[in-house]
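Here's the structure, in structure tokens; my notes come after.
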Amino acid sequence: GFAEELSAAFSGAAVSAVYGSTEAEPIAAIAADELAASDCADGVPAGEVSAFIELRVVRFDAVLRHEMKEEEWSAAQAAPGEAGEICVAGGHVLKTYYRNPEAEKENKIKVGGKIFHRTGDAGRLVGGRLFLLGRASRVFTTQGGAKAYPALIERELLKLDSSTAGTLVRGRDGRAVLILDSADPEA
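Mapping to this note's numbering: the sequence shown position 102 is 90, numbers consecutive.
Below, the structure is given as structure tokens:
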């Protein structure tokens, strides 16, 4: 993958992959060779959370509002290792949107004197390390009650020799539906 190519192109150099967004970067970082060697069992590793960020993983079923009390915010947190939406606060995290109060209400959560930014990304903290699971809006619960993370499935589908693209979506009846595009007309 790309992390392997970077490491090979700059052998002897410390190459890192940084996770962040326009509103908050960096959030986490990982050495490219560690990323390339990962089996992604817990998600795509983003590495250690920046010391300048306060990161929280919020349960998918939590009711989030633009302004929340400390106890409401605490109750919305996911258990250690549990997946949820990644939210961050810190000195370098964008606090407002220029002339866009609707985006601010949707993406910023005021808790006490802090403003948390909703990244829109799904992830989990495992042993103090951040793992990404794709966009939170694409995660769904299957008919059987399991969480489905399309980004992880898509990553695996690209490893198939005949696959050019693929995804996992929630069917109308709640079942997970796999969609696969193949370069092989016989597949």
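From the three backbone atoms N, C-alpha and C, an ideal C-beta is built for every residue, glycine too.
What separation, rounded to the nearest whole angstrom, lies between the Cα atoms of Val76 and Ala153? 32 Å
Residue from Met56, Ile74 and Glu11 with nearest C-alpha to Lys83: Glu11
Determine the DSSP secondary structure at Phe(-10), reduced to helix, strand or coil. helix
Proximal residues to Thr155 (C-beta, below 6 Å), its chain only, five neighbours per side dropped: Pro138, Glu142 and Ile167
Measure the C-alpha to C-alpha separation of Ala24 and Val3 and round it to an integer number of angstroms. 11 Å
Helix, strand or coil for Asp172, going by three-state DSSP, please let me know. coil
List the residues that DSSP assigns as beta-bridge partners of Glu36. Ala17 and Arg117
Tell me the residue span of the alpha helix (DSSP H) that contains Arg143. Pro138 to Leu145
7 Å CB neighbourhood of Val46 in its chain, flanking five on each side removed: Leu52, Ala64, Gln65, Ala66, Gly72, Glu73 and Cys75
According to DSSP, is Lys57 part of a helix, a strand, or is it coil? coil
So what's Ala66 in DSSP terms, helix, strand or just coil? coil
From Asp27, Asp49 and Tyr7, pick the residue whose C-alpha is nearest to that of Leu43; which is it? Tyr7
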